[in-house]
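Per the numbering used here, numbering through the sequence shown is continuous, rising by one, with the last residue being 1603.
Ideal Cβ placement from N, Cα and C applies to all residues, glycine included.
Worksheet for the structure shown next.
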Amino acid sequence: MHTHNDTAFSGFLSDEDATLALGQQLAPALAGGMTIFLEGDLGAGKTTLTRGLLRALGYAGRVKSPTYTLVEPYVISNLYFYHFDLYRFNDPSEWEDAGFRDYFNPDSVCLIEWADKAQGQLPSPDWIITLTPEGAGRCFTLRALTTLGLACQNKLHPHSPAP
């Protein structure tokens, strides 16, 4: 993994196992109160990445895409992990109608696929993780956009001293 600038990390994931491994690598850096937007086309690996995160946090059950349920909740020790998929939203006001705002609190991590479908309704993301198919694999970019996001990202990859 390499840095493009102080707020982005990117790399190449050769297959599903590499995507799961990225989730496992990111999991220890998560903190309560985080909002993460997961961007990428259908089939880009968003749910696979989520599965890797959850496995690393100790969740052993089935991890499925919340395409039809809109949100899948997972309780992991003292952390509430909510995986949203807003693909089926037709109007951003559906966010308010669904009562999802209550899910965002200091004890939860909210991972949101298709966040643009609820534009103007969501809290600002701490991280945006973008997955883009490339060849047989995919590229990823993680951008930290807030103080919390940067602090969590720094837990992952301590800056090595310049030579």
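When C-alpha distances from valine 1515 are compared across Gly1480, Gly1560, His1523, the shortest belongs to His1523. In the structure shown, arginine 1495 adopts helical secondary structure according to DSSP, grouped into three states. Contact between the stretch 1505–1512 and the stretch 1585–1593 is not established, with fewer than three Cβ pairs separated by less than 8 Å. Under the DSSP assignment, serine 1533 falls in the alpha helix (DSSP H) whose first and last residues are 1533–1538.
Checking the DSSP bridge columns, you'll see cysteine 1550 partnered with Thr1475, Tyr1522. When secondary structure is reduced to three states using DSSP, threonine 1586 falls in the coil class, being assigned neither helix nor strand. In this structure, DSSP gives arginine 1541 a helical state, which the three-state scheme calls helix. Apart from sequence neighbours up to five positions away, the residues of its chain that approach glutamate 1536 with a beta-carbon distance below 7 Å are Gln1561, ordered along the chain.
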